[in-house]
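For the record, the sequence lines run as chains A and B.
Residue numbering for the first sequence follows our numbering, starting at 2 and increasing by one per position.
Residue numbering for the second sequence follows our numbering, starting at 34 and increasing by one per position.
All C-beta atoms in this analysis are idealised placements derived from N, C-alpha and C, irrespective of residue type, glycine included.
Just so it is clear, the structure is predicted and the values come from calculations on it, not from any experiment.
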Amino acid sequence: MRLASSFASSVAFLLIAAAVRAWRRWRQARIARIEASWRQALEQAAADPSAGALLPISWIEFPDFLLLWNRMRGSLAEDAAANTAELLRRHGLDRRALRLLRFGTLRSRLIAIATLGKLRDERAWPRLERLARGRGQATSFTAAHAMLRIEPRRALEALTQAILQRADWPVARLGSVLAELGPATVTPTLTTLLIARPRGGLDRVVKLARFGERKRVAPIMRGWLSAKQDPDLVMAALDYVDDTQELTWAMEAARHPEWRVRMAAARALGRIGAAAEIPALVELLKDPVWWVRYHAAQAVAGLKGMTPEELQVVRDTARDNFAADMLAHALAELPIRRRRIFA
Amino acid sequence: MIRALVWFFIGYFLVAYGGRVLLHLIGVPALLRGLALRPFNDMPAPHSGFEPPVSVIVAASGDVATVIASANALLDLEYPQFEIIVVCDDGMPGSLAAVQEAFQLQPFPEALWRRIPSGEVRTVYQSFLHDHLRVLDKEGFGRADALNAGINASRFPLVCAIDPGLRVQRDALQRLAEPFLEEASTVACMSHMRVDGAGALPRSLLRVLQVVEALAAFVFRRVGWDALHASVPMQGDIVLLRKDVVVEANGFRADSECEDTELALRLHRSLLARGDRYAMRFLPDPVAWTAGHDSTLAVIRPRQRWQHGFAQGLRRNAGLLAPAGLGQGPALPLMLFFESYGAAIEVGGYAFVIAMWAAGLLPGAVAGAFLAFTVSLGFLVSATALLLETLSSDLYPGLRQLARLAVVAIVENLGYRQLMTFARAAALLPRRRPTA
């Protein structure tokens, strides 16, 4: 009995696999037949917004059409992309995408959300806002992305808490979205958050700060140089040090008990320092942590106005083996780094 | 007594094989989610600058031409920032000169940071042609020691050991690094290398058998274990690791026969003991390809080596089978138990039933029914794996290929799977010498 049921289940699983394959093959063949006409219509519309006509698109094919539009849009100039969006509106496909938000599978809903974002369709806003608050990671993040495309400033305001606290929205993905919006758009929100220093999520804002306008973010960040109690803040602030006025802070940070702060201080000294900072950097070259020594050596090698001969002298006079080895390493890396810069 | 034992073995097969089918089903939501997200993942995405840089370490072994070809292929990986460190040791005399010529190497005064024990590095070379390629010339103490030396020389927070000869997809690092971006507590991400021939199955029956076996044992079963937080690298995996945890664990053990698995078990043990929240992830998507083996013996050897190394690693980290291993739920100890001792119990079942039948203590019909039952359960596991393959990556599309895979799945359960089980059980014998 068990034997028979086991074989029957196996056969059933294989039959389901066969059915899925057969259906997929039929669908692919069908899409392949129609895709050429979709592509042609989109290309015509890209050149002239009033040109191009689409044959009726069934519900089964609709997500694939939207996917093609999303892909093609990515390779078009802004004007041409807007023209193709007009084609979609002319055929009422924007309204169909709106309906898809409610009834589709996860795949088709995600495609519809992305499409409505790119169409900047304001009618989708309430639904997208609800989806962005939802628990599903993919749906909520795609909805948030769509909102940011539709009305960036309003979306940033609406999504502030989520940006700070939703651990399932990776900072890397948020970074890509903020980069897409551009520094001018994201800076007001970022600076507000940086000034407010929220208890939860400040680490995320600090990481995202790089997507804001440096000239507006840097003064706030540099204000944290005195936040001795929080190494992460001091470290982030040191990355924005680019003026000799902050030399005193950088020199103080070079003596910080946390090695990551000393490493950031070495980098900062390399950016703003000159020959006068060599003794401080040579001290960092003796640091017990390899990374501090490495960045100190890079800083010495990168100091303004230092010639290779002067660097060699620093290396020869370094009494510490660690320091001498690391300087030799940095000197050998110099031509490689220069090649990278000019590549 | 005989009846009771027969029922025990029937029960064991039901639990072990039923568990495998259950694991396949547990993995379905994750696979379907991956399928829904695929259109987005396939679109070119801008780098955010948060992608953690990766140090790829190649421990040179085998043919030097393969090492050079592999390093050349790895240089073309698509990832924002990575470096390649090729480690040549005394185990491959003459290889350094060839590598030196191929990549125009020059000695580099590297200030090495020896954080984990490894053999003496004689010289570090920097390629004049490729800024992100360095080569270490060191004393030869095996692969684990070479990887440790590579980790000491590495500059980036993630490390990935890749063996020469593997065909690595250009987006491999991107895919493997994804879990590290999504979840900060990720310490390792692994993917199983697949047998060459995506799109069309290999002609050789032995290679197709390896494909069918891998789908069930090395890919989809592990999607289920992954959902239950019980991932451990297996033979033929490519693993991306967080360097700080590897360094803290003192690197790979040179006296281990299966260093990647042993390290992962050690990491599980130490992180669970500390009560840390961590994730070891398994990716079902293929990121690397291999030609597969062309003889049964060649298939068996690495299997035995892994089984032996796994048992060795588990003995050294036996705490994982105790309550200490329950830190992330009961899945990890269960997985370790079935992967390490499952083969031996299965072989015990076959041997017992056949011996009892031969001694006339068990009717032929009962023995035959028992064996047919085990075959049917094995086929059920393979059939669910083929369904999941269809639902997810669909590497071998079309009805004809499905039919071929289904036939091979039957063949697999009529001797091949049992042979592999015997080989794995034999690798557990205490006096057996390592088959490296």
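query, result
"Any beta-carbon of chain A closer than 8 Å to the one on B/THR423?", "yes"
"Checking contacts by CB at 8 Å: is B/LEU214 closer than that to chain A?", "yes"
"Looking at B/ALA297: is its Cβ nearer than 8 Å to the Cβ of B/ALA221?", "yes"
"Are B/LEU180 and B/LYS276 close, meaning C-beta to C-beta below 8 Å?", "no"
"So that I know if they touch, is there some Cβ in chain A lying closer than 8 Å to that of B/GLY431?", "yes"
"Is the CB-CB distance between B/SER508 and B/PHE189 below 8 Å?", "Since the first and last residues shown for chain B are 34 and 469, residue 508 of chain B lies out of range."
"For B/PHE115, report the span of its beta strand (DSSP E) as first-last.", "115–122"
"Let's see if you can read the secondary structure: which residues bound the alpha helix (DSSP H) around A/LEU250?", "Looking at the sequence provided, one finds Trp at residue 250 of chain A rather than Leu. Element bounds for A/TRP250: 248–254."
"What do you get for A/ALA300, buried or exposed, if any count of 16 or more other CB atoms within 10 angstroms of its CB means buried?", "buried"
"So the beta strand (DSSP E) A/MET148 belongs to, where does it begin and stop?", "Here A/MET148 belongs to no beta strand (DSSP E); instead the alpha helix (DSSP H) covers 138–151."
"Just checking: is the beta-carbon of B/GLU84 within a distance shorter than 8 Å of some beta-carbon in chain A?", "yes"
"State the Cα-Cα distance for the pair A/ARG136 and A/TRP170, rounded to the nearest angstrom.", "11 Å"
"Output the boundary residues of the beta strand (DSSP E) element that contains B/LEU274.", "270–275"
"Determine whether the Cβ of B/PHE141 lies closer than 8 Å to any Cβ atom of chain A.", "yes"
"Which of helix, strand or coil does DSSP assign to B/THR323?", "strand"
"Quick one: which unbroken beta strand (DSSP E) runs of 3-plus residues sit fully inside the segment 185–255 of chain B? Chain order, please.", "191–194, 219–225"
"List, in order along the chain, the chain B residues whose C-beta lies closer than 7 Å to that of A/TRP291?", "TRP146"
"Roughly how many whole angstroms lie between the Cα atoms of B/LEU461 and B/ALA344?", "7 Å"
"Go through its chain and collect everything with a Cβ distance to A/LEU69's Cβ below 8 Å, but skip five positions before and after it.", "GLU36, TRP39, ARG40, LEU43"
"Closer than 8 Å by C-beta to B/PHE412: which residues in its own chain qualify, once you throw out the five before and the five after it? Chain order, please.", "ALA442, ILE443, ASN446"
"Given a cut-off of 8 Å on the beta-carbon distance, is the pair B/HIS341 and B/GLU295 in contact?", "no"
"Verify the CB distance criterion: does B/LEU452 have a CB-CB separation below 8 Å to chain A?", "no"
"Helix or strand or just coil, what does DSSP make of A/SER109?", "helix"
"Should A/MET222 be flagged as near chain B, meaning a C-beta pair shorter than 8 Å?", "no"
"Pull up the distance between the alpha-carbon of A/ALA52 and that of A/LEU129, whole angstroms please.", "31 Å"
"Please classify B/SER425 as buried or exposed, where buried requires at least 16 neighbouring CB atoms within 10 angstroms.", "buried"
"DSSP three-state label for B/MET313, please.", "strand"
"When burial is assigned at 16 or more other CB atoms within 10 Å of the CB, is A/ALA319 buried or exposed?", "buried"
"Which residue's Cα is closest to the Cα of B/ARG336: B/SER373, B/VAL414, B/ALA355?", "B/SER373"
"Sort B/LEU38, B/PRO463, B/CYS121, B/LEU56 by Cα distance to B/PHE251 and report the nearest one.", "B/LEU56"
"Rounded to whole angstroms, what is the Cα-Cα separation between B/PRO467 and B/TRP339?", "Because B/PRO467 carries a pLDDT of 49, less than 50, the predicted location of this residue cannot be relied on, and no value is offered for it."
"Check whether the Cβ atoms of A/ALA147 and A/GLY118 lie closer than 8 Å to each other.", "yes"
"Relative to the C-alpha of A/LEU282, which candidate in A/GLU310, A/LEU248, A/ALA133 has its C-alpha closest?", "A/LEU248"
"Of all Cβ atoms in chain A, is any one closer than 8 Å to the Cβ of B/PHE41?", "no"
"Name the residue from B/ALA376, B/MET313, B/SER160, B/THR156 whose alpha carbon lies nearest to the alpha carbon of B/GLU172.", "B/THR156"
"If we call anything under 8 Å between Cβ atoms a contact, is B/ALA263 one with B/ALA418?", "no"
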